[in-house]
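Residue numbers (our numbering): 13 to 97.
1. Rounding to the nearest angstrom, what Cα-Cα distance links residue 21 and residue 31 in this structure?
2. Taking DSSP as the reference, what is the three-state secondary structure of residue 83?
3. Is it the case that the Cβ atoms of residue 44 and residue 55 are separated by a distance below 9 angstroms?
4. Please return the same chain residues whose Cβ sits closer than 7 angstroms to the Cβ of residue 35, not counting the five positions on each side in sequence.
5. For the alpha helix (DSSP H) holding residue 51, just list the boundary residues, first then last.
6. When burial is assigned at 16 or more other CB atoms within 10 Å of the CB, is residue 58 buried or exposed?
7. Under three-state DSSP, which class holds residue 78?
8. Considering Cα atoms alone, identify which of 24, 63, 16 and 93 is closest to residue 33.
9. Using 10 angstroms around the beta-carbon of residue 49, count the other beta-carbons present and answer buried if the total reaches 16, otherwise exposed.
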């Protein structure tokens with residue numbers, strides 16, 4: 013098959029990618045149509061938790077899958093090197 017039997021619903025043993033969004037932000041109010049709010053008003057910064065294939069990558073806005081300070085330091089150095097050229 014196409015592997016679609018592993019997706020389509022939240023069940024034990026199935027693959028799932030899920031994001032949890034903070035809907036209490038002022039720019040998402042009033043929340044009359046959740047789909048329209050997600051498409052037109054939600055921002056990346058509204059995402060609180062990210063789960064991919066059952067693994068929590070970010071929880072409560074803290075990235076668990078990498079060393080954030082290390083990445084920020086590398087980005088600063090790369091930006092400095094680019095600007096120094």
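Backbone N, C-alpha and C define an ideal beta-carbon position, used for all residues, glycine too.
In short, the structure shows the following:
1. The residue given as residue 21 occupies position 9 in the chain shown. The residue given as residue 31 occupies position 19 in the chain shown. Their Cα atoms are separated by approximately 15 angstroms.
2. Mapped onto the chain shown, residue 83 falls at position 71. Helix, per DSSP.
3. As a working mapping, residue 44 is identified with position 32 in the chain shown. As a working mapping, residue 55 is identified with position 43 in the chain shown. Between residue 44 and residue 55, the CB-CB gap reaches or exceeds 9 angstroms.
4. Position 23 of the chain shown holds residue 35. Apart from sequence neighbours up to five positions away, the residues of its chain that approach residue 35 with a beta-carbon distance below 7 angstroms are 43, ordered along the chain.
5. Indexing the chain shown from 1 puts residue 51 at position 39. Taken as a continuous stretch (DSSP letters only), the alpha helix (DSSP H) holding residue 51 covers 46-52.
6. One-based indexing of the chain shown puts residue 58 at position 46. Residue 58 comes out buried.
7. Locating residue 78 in the chain shown gives position 66, where the first residue counts as 1. Coil at residue 78, not helix or strand.
8. Within the chain shown, the letter at position 21 stands for residue 33. Residue 63 is the option with its Cα nearest to residue 33.
9. Start at 1 with the first residue of the chain shown, and residue 49 comes out as number 37. By the 10 Å Cβ count, residue 49 comes out buried.
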